[in-house]
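A.B. asks: Residue numbers (the UniProt record's numbering), protein chains in the order written: chain U, 1 to 366; chain P, 1 to 179.
One structure follows; several queries about it will come next.
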Amino acid sequence: MPRIPTSVLIKAYQGTPLLPLLLQECRTLTSARNELRWLRERALRDNQPPRLGSPGWRTRLKIMCQQRSRGVPLQYILGDQPFGDLEILCQRGVLIPRSDTESFTFQAAHLIRQMALESNDTPSPRRQRPLRVLDLCTGTGCIALLLHALLAPNFEDMQILGVDISPTALTLAQKNLAHNMHLDLLTNRAVTQVHFHRADVLGVGDESESVPKIQEVLREYFPRLENSDGSASEFECDLLISNPPYISTADFRNGTTSRSVRRFEPQLALVPPNTPQSEMPDGCNVEDVFYHRILTLSLQSQSKLTVLECGDIMQARRVVAMYQAMTTDQAKEFTMEVWPNSEHDLAAHGFHPHDGSRCVIIQRAR
Amino acid sequence: MLRPRSWLGALQALPRLPRLSTQHRSFSITPILPAKPLPPRLKINDADLTVSYLKGTGPGGQKINKTNSAVQIIHHPSGIVVKCQATRSRSQNAKTARSLLADKIEQKEKGGESRVALKAEVARKKKASKMKKTRRKYRDLEGKEGEVLEEGLEEAEEGLEEAQAVPKVGGSGEKGPAS
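What follows is the structure, encoded as structure tokens:
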């Protein structure tokens, strides 16, 4: 981590004594000033109306700044994070939603709307059943909930299922559903159309633990309604979206993963479990283990659109190659792209030109 | 015996009068005039805009948890650039930036006729009127206080005279044996 220039430190000390505290984590003066403003706003709001006996807002603000200087994520201190127009509650033990994921979710909603418009031109019997969305490794439930908010005006009938292995995450996701409905950011339909369920996506967990397998959950929630095409799968969905753990053990330790993330966010949501190379599918890296599993599910469920967040371009290309290897006999049925790819999209969504996360978008051609 | 009963019946059959709302009852006789409507907001063509999210330096994703939510909008025909990082929400910042941009463009195009200029004018007039009222109030108060003060002074002078009168009497008494 580069040193903070002395001139910046001096400037911070000239401002307020709290600024140097925040600078330790924020690294730039602009960012530190912004965070101080947000923290102050929250401290003042929490102190409304002022209570006798409890510490005042200044004391509260100082405590929050000290926490931040130790690296505690701002979202854990404040307890929430905006995601689209939603307000997602955050707590220790559950990954904080990132703005990159927000961009991918908007893109997924845009594409599914476009696909629905195209399919409306050529009427097919398939439009009978509700739009089905599967969000694997949902965490706070941010993707599932934002998709409901974005698609509710266009789709009357929806089934959105968020899946996670962590009970803490599922409790929080459920809380987020209620919280956003209370704030009127989600329509009343959300309570019947969005569900969260515990399941093991990898299916490598101990037999002793009674975590349901993902296929069992999908058979229950998204059963195949028509068996006309005579395929063997027992479940189907339209959109499969996921932000699975994708950081390799090496990257988690070598400094590319920031101190705050490493120390305070759950490793379960960041690093895939260490699978022995002998049990891995051919040519698959350990950090890509989730993608192999999710791509298999995508094929089985015949999802029309699959959107997967990846750590960087290299990983995204590996995922594309993995899918090509799995579908050699039916390559013409799919279009694949790594998004964002064009200079315009990269800049518009604030992505780093050659580093940082990307997503793989797989569309099933009709 | 029957007459009052029938009369009572007639009374009960009267339709209920609409209740006057106590909240909106005005004691002022001067009617409340609606404020002069502002011109409609300027519509900006989305094709002229480049909206971009600024995330600062370095990559994002799961590895780094960034709190930067700045939004920048460039309006190509006028070359105006607006940046907003007021809240932690990108979508909220984008909305704020849009309205800021609309205000700026309008001000550039219309000058004194723009919404911002008109609003500023209204605010200025209100402030001027308030200041005038304040000045008038204190001038009146000062005038009254001056009267009160003068009266008080007169009273005090009278009191002084009385107080002076006593020693005078005493003095004359003292002086009496001396002379």
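Glycine is no exception: its CB is placed at the ideal position from the N, C-alpha and C atoms.
Fair warning: this is a prediction, and the values are worked out from it, not measured in the lab.
(1) Using the Cα positions of Arg-364/U and Asp-157/U, report the straight-line distance between them to the nearest angstrom.
(2) Counting Cβ pairs closer than 8 Å, one from the stretch 108-123 of chain U and one from the stretch 208-217 of chain U, do we hit at least three?
(3) Do Leu-134/U and Leu-240/U count as a contact pair if the criterion is CB distance below 8 Å?
(4) Can you grab the Cα-Cα spacing for the pair Ser-69/U / Ala-70/P, in whole Å?
(5) Apart from the five residues just before and just after Gly-170/P, which ones in its own chain have a Cβ nearer than 8 Å to its Cβ?
(6) At which residues does the beta strand (DSSP E) containing Ser-52/P begin and terminate?
(7) Kindly indicate if chain U contains any beta-carbon less than 8 Å away from that of Gly-112/P.
(8) Taking 8 Å as the cut-off, decide whether the C-beta atoms of Ala-169/U and Thr-140/U are in contact.
(9) For Glu-35/U, count neighbouring C-beta atoms within 10 Å of its own C-beta (all shown protein chains included) and say buried if the count is 16 or more, exposed if not.
(10) With a threshold of 16 other CB atoms inside 10 Å of the CB of Val-261/U, please say whether the residue is buried or exposed.
(11) Is Ile-247/U close to chain P, meaning its C-beta is less than 8 Å from at least one C-beta of that chain?
(12) Does the pairing of the stretch 66-83 of chain P with the stretch 102-109 of chain P give three or more beta-carbon distances under 8 Å?
(13) For the beta strand (DSSP E) holding Glu-337/U, just list the boundary residues, first then last.
(14) Grouping DSSP H, G and I as helix and E and B as strand, with all else coil, what is Met-158/U?
(15) Is the Cβ of Thr-67/P closer than 8 Å to any Cβ of chain U?
(16) Name, please, each residue of chain P whose Cβ falls closer than 8 Å to the Cβ of Ser-7/U.
(17) Run the CB neighbour count on Ser-166/U, radius 10 Å, all protein chains shown included, and call it buried at 16 or more, exposed below.
(18) Applying the criterion that 16 or more other CB atoms from any shown protein chain within 10 Å of the CB defines a buried residue, is Leu-19/U buried or exposed?
(19) Which chain U residues are close to Pro-52/P, counting only those with a beta carbon under 7 Å from its beta carbon?
(20) If I follow the unbroken beta strand (DSSP E) through Glu-113/P, where does it start and stop?
(21) Does the beta carbon of Ala-165/P sit closer than 8 Å to a beta carbon anywhere in chain U?
(22) Which chain U residues sit within Cβ distance under 8 Å of Arg-90/P?
(23) Any contact of the stretch 36-47 of chain P with the stretch 335-347 of chain U, i.e. 3+ C-beta pairs under 8 Å?
(24) Quick check: what's the CA-CA separation for Cys-137/U versus Leu-161/U?
(25) Under the three-state reduction of DSSP, which class applies to Phe-83/U: helix, strand or coil?
C.D. replies: From the atom records:
(1) 22 Å
(2) no
(3) yes
(4) 22 Å
(5) Bear in mind that the predicted position of Gly-170/P carries a pLDDT of just 40, short of 50, making it too unreliable to give a figure here.
(6) 49-54
(7) no
(8) yes
(9) buried
(10) buried
(11) yes
(12) yes
(13) 334-339
(14) strand
(15) yes
(16) Chain P residues near Ser-7/U: none, gap ~18 Å exceeds 8 Å.
(17) buried
(18) buried
(19) Inspection of the sequence shows that residue 52/P is occupied by Ser rather than by Pro. Chain U residues near Ser-52/P: Ala-347, Ala-348 and Gly-350.
(20) It is not in any beta strand (DSSP E) - Glu-113/P carries neither H nor E in the DSSP assignment.
(21) Note that Ala-165/P scores a pLDDT of 44, beneath 50, so its modelled location is shaky; the value from the coordinates is reported in the next line. Closer than 8 Å: no.
(22) Pro-82, Ser-99 and Glu-102
(23) no
(24) 11 Å
(25) strand
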